[in-house]
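S.K.: Pasting a structure below so you can have a look.
In full-length UniProt numbering, the protein residues as written are 1 to 135.
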């Protein structure tokens with residue numbers, strides 16, 4: 001009976017060791033679109049000067065990554081920008097997008113950052129935001 005307890009204990013210890021060595025410890029980027037103001041969402045993401053919209057991507061992960069930044073405006077059916085920026089872990093990088101035509105009144109957009117070269121993202125659910133600019 002005592003031998004059986006030791007075998008169970010050893011097996012459980014080996015399982016816990018293997019579980020702690022899983023891919024969850026893998027270093028990955030965590031790309032997000034950074035807020036550029038401290039108002040209320042989605043206005044926080046509007047950093048506009050004239051016909052240019054600045055989109056800032058932040059890497060909250062622990063691995064450097066190139067990111068594809070895609071911007072879509074609600075009043076235009078196709079994406080306007082597919083720019084790639086390289087972002088070291090823990091840092092931010094910005095890219096500017098030319099707004100093709102500014103509608104009368106306010107306008108909305110979606111900005112998304114995804115890793116390139118087959119690299120996974122630690123939390124892909126936070127890669128996209130909806131922004132709004134007040135004109």
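Cβ atoms here follow ideal geometry from the backbone N, Cα and C, with glycine treated the same way. If you're wondering where the values come from, they're calculated on a predicted model, not measured in any experiment.
Quick one: what's got a C-beta closer than 7 Å to residue 122's C-beta in the same chain, skipping five residues either side?
M.R.: The count along the chain shown starts at 1 and reaches residue 122 at position 122. The answer, listed in chain order, is 28, 29, 30 and 61.
S.K.: Compute the Euclidean distance between the alpha carbons of residue 37 and residue 135, then round it to the nearest angstrom.
M.R.: The residue labelled residue 37 in the question sits at position 37 within the chain shown. The residue labelled residue 135 in the question sits at position 135 within the chain shown. Rounded to the nearest angstrom, the two C-alpha atoms are 16 Å apart.
S.K.: If I measure Cβ to Cβ from residue 103 and keep anything under 6 Å in the same chain, skipping five residues before and after, which residues do I get?
M.R.: In the chain shown, counting from the first residue as 1, residue 103 sits at position 103. 75, listed in sequence order.
S.K.: Report all residues from its chain with a CB closer than 7 Å to the CB of residue 51; omit the five preceding and five following residues, and keep chain order.
M.R.: Translated into the one-based positions of the chain shown, residue 51 becomes position 51. Within the same chain, residue 51 has close Cβ partners 98, 99 and 102.
S.K.: Which residue comes first and which comes last in the beta strand (DSSP E) that contains residue 120?
M.R.: For the purposes of this step, residue 120 is identified with residue 120 of the chain shown, where counting begins at 1. From DSSP, residue 120 is part of no beta strand (DSSP E); its letter is neither H nor E.
S.K.: Comparing alpha-carbon positions, which option in 65, 95 and 107 lies nearest residue 73?
M.R.: The residue you call residue 73 lines up with position 73 of the chain shown. It is 107 whose Cα lies nearest to the Cα of residue 73.
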